[in-house]
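Just below is one structure, and these are the notes that go with it.
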Amino acid sequence: MLTLPQFFFIYFALAIIFLAGMAVNVRNPVHSVLLVLAMFFHMAGVYLMLNAEFLAAVQVIVYAGAVLVLYLFVVFLVNIKEEIRLKRFIGSYTTGRVITIGMLATLLAAAWSFKLGPAGTWSIEAVREITHTRALGIEMFSHYMLPFEIAGVILLVAVVGGMALAKKDRNRATTTEERRALMRGEELGE
Amino acid sequence: MPGSYLPSDYMSVLFLLLFALGFGVAAIALGQLLRLRRPYHEKLVAYESGNEPTELPRFRFSVKFYLIAILFAVFDVECIFLYPWAIVYDKLGLFAFAEMLIFIFLLLAGYVYAWGKGALTWER
Amino acid sequence: MVIEILLTILLIVVVFSVIMLHVAYATYFERKVIGHMQVRMGPMRVGPHGLLQPIADGIKLFFKEDVFPETADKPTFYAAPIICLVAALTSIAVIPFWEGMAISDINIGLLFILAMSSLAGWGVVLAGWASNSKYAFLGGLRASAQIISYEIAMGLSIVGVMMMAGSLNMSEIVKAQAQSPFGIYAIPQVLGFFVFLVAMLAETNRTPFDMPECESELVAGYCTEYAGFRFALFFLGEYVGMIVMASVGTICFLGGWTGPFEVPFFPIIWFMLKVYFLIFFFYWVRATLPRYRYDQIMALGWKVLIPLALGNVILTGIMKTFVWH
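Residue numbers (the numbering used here), protein chains in the order written: chain G, 184 to 373; chain L, 388 to 511; chain F, -4 to 320.
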């Protein structure tokens, strides 16, 4: 007999695998993004089951709310009018299958060797008592100060990199005529 | 161990979510039985001020939206870092404040850079 | 356990019905307020002083033909209005109406609201895409870009409140607020409150930021192709969203359920008064301000509100460390 937490865990796990599989298989890229959205919500559910409510919120706010919107906009930007058929990297199906099964076997073998790391100083009760967010805050801003600042630097790099990628076509239009053409296009496209 | 902890507070959130979902679906499905339905081509064609739609609508996407999305992703992560800091502010004291000032400064550098590059300006 | 679950469901049904009634009369309130501000009467025909107007509107929308555009993308077109409604309604769960009276008093209440509001943005952009119509697509894109831009401002504006209250739990914020010197955070957090109010208008796509559905250029924005009850679901979502945002504003800045004196038998009265004040503010702004241009909206969000909100965070930090302690 399943207990309620077990039931939820199994549901979330199966749903994540199913939705991820669907996301890869669906033809329409926007549908695929939608399936990933649903998957992220189930992942947030798993975090909840692990007593990590702040991470669940982050999963929804950052991944579903920000990163996936970015993906959606990329899908809009690329705007594939018709399916692009590329030549297969590996010609025969048999070779492909052998490689895939080999990779799967490797992954499974690796999964078997998984063992739990050393337990942290926080017990479940301690975390629940001061709430997960506070526990995270105290840890992050005392013991993990350097990684936190490094995260800040990485975010800075992300801004600069994003600018470099996205602002490229604006610099291309140097003459007034070109810029005007770009403006016309963007007015329509806004 | 996974599956040993039940976040019972969230059960009622789940109920409300299912309830809202049920309401939305039921309102549409139930109404479907009662509504009249007389579709014809002119009614079902996408609205374009009465003209026949020209070209496909989805092929116009300005890169500006993409830019906004990139900036949003970065600043959203920054916000997320601020929340745990904010609620344990009293416990952490001056050191954490200085830490956060460095973090905000780093982000402001990116913000000023984006502003200088014109990413925050919508026109042109 | 079973009794607990039944009680929860009963509570949900009651809260849901009350919210729906408030939504219906929020539309009536809006038309009356704006009507009188423009020296008109507002709805007068259905019932005395038009009191039954929202019910008539509801019935009309329910029986309207459901037009499904030929070129629309089926699953997304179905899902979009429901996503909007579910996101708005689920946020209600964490709002405490008075002490101990919330459907679910979770520890990350504020974050939950933010998460749900980002989900509402998904409904809008998907509606725009699924309709496969130019107006809808542009409206959806504009709406989602606007929502995500102002989400940062909104998220930053409440950091000051989190610092003062030391919690993300809505009830604890109200309690901490009641013990603070001013009783409400709107005074020490005046900058945060201002940013929140502006971001609140933009997040719910209300005038002067109703870009996604500005009639003069985009017909009706993302809901151009939606008719009948599907349109009504967007409408419900928008008004529930307004109520949620007004409640968050009330809880974070105006002291929640606390009031100058206790009201016997009807403790919710202070909360409701404050929420209705903020909802009145929505309408007041709508009747007063003209619509912003889109580039102005983006400039306001990115160049004014975000620096202001960040400044508020730093200021609160300095005040808390050096002045108030």
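Each residue gets a CB set at the ideal place from its N, CA and C atoms; glycine is no exception.
Trp295 (chain G) burial status per 10 Å Cβ neighbour count (16 or more: buried): exposed
Proximal residues of chain L, C-beta to C-beta of Met323 (chain G) below 7 Å: Pro471
Close Cβ partners of Tyr180 (chain F) (< 7 Å) along its chain, the five nearest in sequence each way excluded: Val156, Met159, Gln172, Cys247, Phe248
Among L:Val461, L:Ala407, L:Gln419, the one whose alpha carbon lies nearest that of Ala501 (chain L): L:Val461
Interface residues of chain G facing Asn102 (chain F) [CB-CB closer than 8 Å]: Glu236, Thr314, His315, Thr316
Terminal residues of the alpha helix (DSSP H) in which Ser152 (chain F) lies: Following the DSSP letters along the chain, one finds Ser152 (chain F) inside the alpha helix (DSSP H) bounded by residues 129 to 152.
Residue ranges of each alpha helix (DSSP H) within the region 457 to 496 of chain L, 4 or longer: 476 to 479
Cβ-Cβ separation, Met165 (chain F) to Ile90 (chain F) (assumed contact under 8 Å), whole Å: 6 Å
Cys79 (chain F) versus Leu253 (chain G): straight-line alpha-carbon distance, rounded: 19 Å
For Met398 (chain L), three-class secondary structure by DSSP: Three-state DSSP puts Met398 (chain L) in a helix.
Spatial distance of Ala293 (chain G) from Met286 (chain G) (CA atoms): 10 Å
Counted within 10 angstroms of its Cβ, other Cβ atoms place Thr277 (chain G) as buried (16 or more) or exposed: By the 10 Å Cβ count, Thr277 (chain G) comes out exposed.
Straight-line Cα distance separating Leu151 (chain F) from Leu300 (chain F): 9 Å
Supposed close pair Leu393 (chain L), Leu220 (chain G) - CB separation, criterion 8 Å: Contact doesn't hold; Cβ gap of about 25 Å is too wide.
Host alpha helix (DSSP H) of Glu233 (chain F) (start-end): 223 to 248 is the span of the alpha helix (DSSP H), which, as asked, contains Glu233 (chain F).
Residues near Leu319 (chain G) in its chain [Cβ-Cβ closer than 7 Å; skip 5 each side]: Phe237
Trp295 (chain G) (DSSP reduced to helix, strand or coil): helix
Assigned exposure category for Arg355 (chain G) - 16 Cβ within 10 Å defines buried: Any reading at Arg355 (chain G) must be qualified, since the residue scores a pLDDT of 49, below 50, and its modelled position is unreliable; no value is offered.
From L:Gly497, L:Ile491, L:Lys504, L:Asp477, residue whose alpha carbon lies closest to that of Met314 (chain F): L:Asp477
Three CB pairs or more closer than 8 Å across the region 56 to 66 of chain F and the region 421 to 429 of chain L: yes
Whole-angstrom distance between Ala288 (chain G) and Glu370 (chain G), CA atom to CA atom: Its pLDDT being 43, under 50, Glu370 (chain G) is placed unreliably in this model, and the value from its coordinates should be taken loosely. If I take the Cα positions, the gap works out to 53 Å.
Same chain, Cβ closer than 7 Å to Leu84 (chain F), five either side skipped, listed in chain order: Val235
Within chain L, partners of Ser166 (chain F) - CB distance below 7 Å: Simply none; closest approach about 12 Å.
Unbroken stretches of the alpha helix (DSSP H), 4 residues or longer, contained in the region 245 to 309 of chain F: 264 to 283, 289 to 294
Straight-line Cα distance separating Arg281 (chain F) from Gly37 (chain F): 15 Å
Residues of the region 140 to 157 of chain F whose Cβ lies closer than 7 Å to any Cβ of chain G, in chain order: Taking 7 Å as the Cβ-Cβ cut-off, the region 140 to 157 of chain F approaches chain G at Ile143, given in chain order.
Proximity below 9 Å, CB of Ser139 (chain F) to CB of Gly116 (chain F): yes
Residue ranges of each alpha helix (DSSP H) within the region 238 to 326 of chain G, 4 or longer: 251 to 261, 276 to 295, 307 to 313, 315 to 323
Buried or exposed by the 16-neighbour rule on C-beta atoms within 10 Å, applied to Gly95 (chain F): Under the 10 Å beta carbon count, Gly95 (chain F) is surrounded by fewer than 16 other beta carbons and is classified as exposed.
Under 9 Å (Cβ pairs) to chain G, residues found in the region 44 to 71 of chain F: Asp68, Pro70, Thr71
Per DSSP, the bridge partner or partners of Met222 (chain G): Answer is none; Met222 (chain G) lacks a bridge partner.
Euclidean distance between Cα positions of Ile307 (chain G) and Asn234 (chain G): 8 Å
Residue of L:Phe468, L:Val475, L:Phe482 minimising C-alpha distance to Ile491 (chain L): If we check each option's Cα against that of Ile491 (chain L), L:Phe468 comes out closest.
Beta-carbon neighbours of Met328 (chain G), restricted to chain L and to distances below 8 Å: Glu486
Supposed close pair Glu198 (chain F), Tyr271 (chain F) - CB separation, criterion 8 Å: So it is not a contact: roughly 19 Å between Cβ atoms.
Neighbourhood of Ile142 (chain F) by C-beta distance below 8 Å, restricted to the same chain and skipping five residues each side: Ser112, Ser113, Ala115, Gly116, Val119, Ala197, Glu198, Asn200
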